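Under the numbering used here, the residues of the sequence shown are numbered 55 to 156, in order.
From the three backbone atoms N, C-alpha and C, an ideal C-beta is built for every residue, glycine too.
Values in this document were obtained by computation on a predicted structure and should not be read as measured data.
Structure first, then comments.
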Amino acid sequence: MGLQRVAAGDYRLHGDLSFATVPELYRAASSQWAQQMPAVVDLAGVGRSDSAGLALLVEWLRQAQSGQTMLCFSHIPDQLAKLIRISGLSQAFALPSQSSSR
Numbered sequence: 055m056g057l058q059r060v061a062a063g064d065y066r067l068h069g070d071l072s073f074a075t076v077p078e079l080y081r082a083a084s085s086q087w088a089q090q091m092p093a094v095v096d097l098a099g100v101g102r103s104d105s106a107g108l109a110l111l112v113e114w115l116r117q118a119q120s121g122q123t124m125l126c127f128s129h130i131p132d133q134l135a136k137l138i139r140i141s142g143l144s145q146a147f148a149l150p151s152q153s154s155s156r
């Protein structure tokens, strides 16, 4: 798992976002974002994700809100989007509602 700064306010995550990787990623982000939260975190490079990964993203949203900053996640992988929807967090992540055509 890695966190890469790609431009001012823009970061990219790559690798798995899971129970095994979250603690290290939390420390890395806390260090890099001590002065300013990012505006966008690109999740296109995220592979497998689990509830710990989702909890980390929710924590980042909470930190951004407490600092009166807008944080957006782009390119949310399908697996993570499903987890977000199941958890009832679609609105927090600005995910479009998923229509079921049966």
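Local conformation of residue i per DSSP, three classes
i    : result
S144 : coil
D132 : helix
S84  : helix
L71  : strand
S154 : Low confidence applies here, because S154 scores a pLDDT of 48, under 50, leaving its location unreliable; read the following figure in that light. Of the three classes helix, strand and coil, the one that applies to S154 here is coil, per DSSP.
G101 : strand
Within 9 Å, strictly: CB atoms of residue i and residue j
i    : j    : result
F73  : S105 : yes
L71  : V100 : yes
I130 : L97  : yes
Q58  : R102 : no
L125 : V76  : no
A61  : M91  : no
Per DSSP, cross-strand counterpart(s) of residue i
i   : result
Y65 : R59 and V95
Residue i CB to nearest heavy atom of the ligand ADP below 8 Å
i    : result
F127 : This structure lacks the ligand ADP; in fact it carries no ligand of any kind.
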